[in-house]
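> Submitted below is the structure of interest, expressed as structure tokens.
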Amino acid sequence: MTPQKDQNQFNVLKIYLKQFEYLFDNKPNISVLKVGEKFILKKSIDNFLSENSIYFFENNTSRVEQLFKQLIYNIEPIYLNIISDLDNYQTLRNNSFTKLVQIISYFTIKSNNWHSMMHFNLNSNNKTNFLKQICAHHTNSLKDIEATKFYRDVANLPVDDIISYTLLFSAEYLVRKIESCKIIFLKSTDDAPWFTSDSPVVIKNEIITEKSEIYFPINRTYLAYLYFENSNLKRNKLQNLKTNSIHLVNDQLSWKLQQIIMKNAGNNIIF
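The opening residue of the sequence shown carries number 5 in the numbering used here; numbering runs sequentially from there.
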């Protein structure tokens with residue numbers, strides 16, 4: 005699909021990418037490494053975004069477009085408040101946690117990874133069950149959802165149109181799931197700050213089950229790790245740490261988490 009060249013789509017990105025910005029010759033820059041290449045390039049955020057329509061794919065409904073623009077408009081002060089909570093209180097207050105979950109959900113549904121996952125499921129034998137989960141909030145019972153006019157109208161659309169129309173429902177689906185997660189914050193070492201990519205939210209098991217784990221670099225200092233408390237799998241030792249607290253990582257864990265971030269990148273790793 006051909007990305008739109010509306011710079012409004014990038015407002016939400018600037019506040020996030022500015023967390024990874026630094027001064028070079030008194031000019032703010034980010035460092036960008038294209039996946040598979042060896043040379044790191046220094047670019048301004050504006051120049052980078054003019055070349056890369058990341059976290060975005062075309063949307064053909066004006067309602068969805070307007071709702072996303074409203075979300076983008078509100079996100080800058082929210083994001084700065086989240087970082088302020090961590091800096092000043094070493095924890096997230098309730099409202100900040102809710103907002104962080106919404107931001108994680110937004111980044112997820114706008115990523116190419118989520119888009120590819122939806123394409124795969126909507127072109128598979130699992131289409132009906134997958135679409136039921138995404139549209140579940142339109143009915144009190146999944147058993148009855150196929151009888152609703154809304155579901156029938158959406159289910160009969162071409163796959164790309166289904167994705168466009170259900171984009172916000174995907175976000176609501178993710179928020180409902182992720183808001184029950186436990187969260188910890190991993191603080192980087194001075195010589196190995198966190199970095200990000202054009203796919204900043206790493207979700208192990210994207211459909212979101214009790215086995216899912218989520219990683220999100222908030223800025224150079226903090227990386228959020230989310231998991232489900234009732235998971236029967238305690239393979240990750242991070243789940244033994246105190247929740248909603250900051251924990252300094254050692255070099256070994258830092259390297260492991262850096263590999264997770266890099267492997268999730270689509271086309272660009274951002275330092």
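Backbone N, C-alpha and C fix where the C-beta goes; we use that ideal spot for every residue, glycine too.
1) Can you tell me where the beta strand (DSSP E) with E217 in it begins and where it stops?
2) At what residues does the alpha helix (DSSP H) containing V323 begin and finish?
3) Is the beta carbon of I187 sitting closer than 9 angstroms to the one on N248?
4) Only counting the same chain, and skipping five residues up and downstream in sequence, which positions put a Cβ closer than 8 angstroms to that of N234?
5) Compute the Euclidean distance between the alpha carbons of N129 and T152, then round it to the nearest angstrom.
6) What is the rounded straight-line gap between the Cα of L90 and the Cα of V205?
7) Identify every residue that forms a DSSP beta bridge with P197.
8) What residues are listed by DSSP as bridge partners for K191?
9) Spatial neighbours of N221 within its chain, please: CB distance less than 7 angstroms, with the 5 preceding and 5 following residues excluded, ordered by chain position.
10) Per DSSP, which residues does F24 bridge with? Please list them.
11) Looking only at its chain, what residues have a beta carbon closer than 6 angstroms to the beta carbon of I212, apart from the 5 residues adjacent to it on each side?
12) Considering L161, what are the terminal residues of the alpha helix (DSSP H) in which it resides?
13) Using only CA atoms, which one of I207, K47, I273 and L37 lies nearest to M121?
14) For K186, which beta-bridge partners are listed by DSSP?
15) Nearest chain C C-beta to N51 closer than 9 angstroms, yes or no?
16) Return the first residue and the last residue of the alpha helix (DSSP H) that I44 is part of.
17) Mind checking whether K191 and T170 have CB atoms under 9 angstroms apart?
18) Pull the bridge partners of L126 from the DSSP assignment, please.
19) At the level of alpha carbons, what is the spacing between N240 and D29?
20) Given a threshold of 16 other Cβ atoms within 10 Å of its Cβ, counted over all protein chains shown, does F43 qualify as buried or as exposed?
21) Nearest to L252 by alpha carbon, out of A196, F275 and K114?
So, from the listed chains and residues:
1) Locating residue 217 in the sequence shown gives position 213, where the first residue counts as 1. E217 to P221 is the extent of the beta strand (DSSP E) around E217.
2) This structure leaves residue 323 out entirely; the chain is present only between 5 and 275.
3) Residue 187 sits at position 183 when you count from the first residue of the sequence shown. Residue 248 sits at position 244 when you count from the first residue of the sequence shown. Yes; because the gap between Cβ atoms is below 9 angstroms, this pair is in contact.
4) One-based indexing of the sequence shown puts residue 234 at position 230. Taken in chain order, the residues that qualify are E214.
5) Working through the sequence shown from its first residue, we reach residue 129 at position 125. Working through the sequence shown from its first residue, we reach residue 152 at position 148. Cα to Cα, the separation comes out at about 21 angstroms.
6) Start at 1 with the first residue of the sequence shown, and residue 90 comes out as number 86. Start at 1 with the first residue of the sequence shown, and residue 205 comes out as number 201. Going from the Cα of L90 to the Cα of V205 covers about 19 angstroms.
7) Taking the sequence shown and counting its residues from 1, the one referred to as residue 197 is at position 193. Note: P197 sits in no beta bridge, so no partner.
8) Here residue 191 is taken as the residue at index 187 of the sequence shown, counted from 1. DSSP output for K191 lists Y226 and L252 as bridge partner(s).
9) As a position in the sequence shown, residue 221 is number 217, starting the count at 1. Note that residue 221 corresponds to Pro in the displayed sequence, not to Asn. The residues are W198, F199, T200, P204, L227 and I265.
10) As a position in the sequence shown, residue 24 is number 20, starting the count at 1. Looking at the DSSP assignment, F24 forms no beta bridge with any residue, so it has no partner.
11) Here residue 212 refers to the residue found at position 208 when the sequence shown is read from its first residue. For I212, where only same-chain residues beyond five positions count, the Cβ hits under 6 angstroms are K181.
12) The residue you call residue 161 lines up with position 157 of the sequence shown. Where L161 is concerned, there is no enclosing alpha helix (DSSP H), given that its DSSP letter is neither H nor E.
13) Taking the sequence shown and counting its residues from 1, one reaches residue 121 at position 117. Answer by Cα proximity: I207.
14) Against the sequence shown, residue 186 aligns to sequence position 182. Answer is Y231, bridged to K186.
15) Protein chains in the displayed structure number just one, and chain C is not present.
16) As a working note, residue 44 is residue 40 in the sequence shown. Careful: I44 lies outside any alpha helix (DSSP H) and carries neither H nor E.
17) As a first step, residue 191 must be located in the sequence shown, where it is residue number 187. As a first step, residue 170 must be located in the sequence shown, where it is residue number 166. Not closer than 9 angstroms, so no.
18) Translated into positions along the sequence shown, residue 126 becomes position 122. For L126, which the question treats as bridged, DSSP gives no partner whatsoever.
19) For the purposes of this step, residue 240 is identified with residue 236 of the sequence shown, where counting begins at 1. For the purposes of this step, residue 29 is identified with residue 25 of the sequence shown, where counting begins at 1. For N240 and D29, the distance between alpha carbons rounds to 42 angstroms.
20) For the purposes of this step, residue 43 is taken as residue 39 along the sequence shown, with counting starting at 1. So F43 ends up on the exposed side.
21) Taking the first residue of the sequence shown as 1, we reach residue 252 at position 248. That would be A196, whose Cα lies nearest to the Cα of L252.
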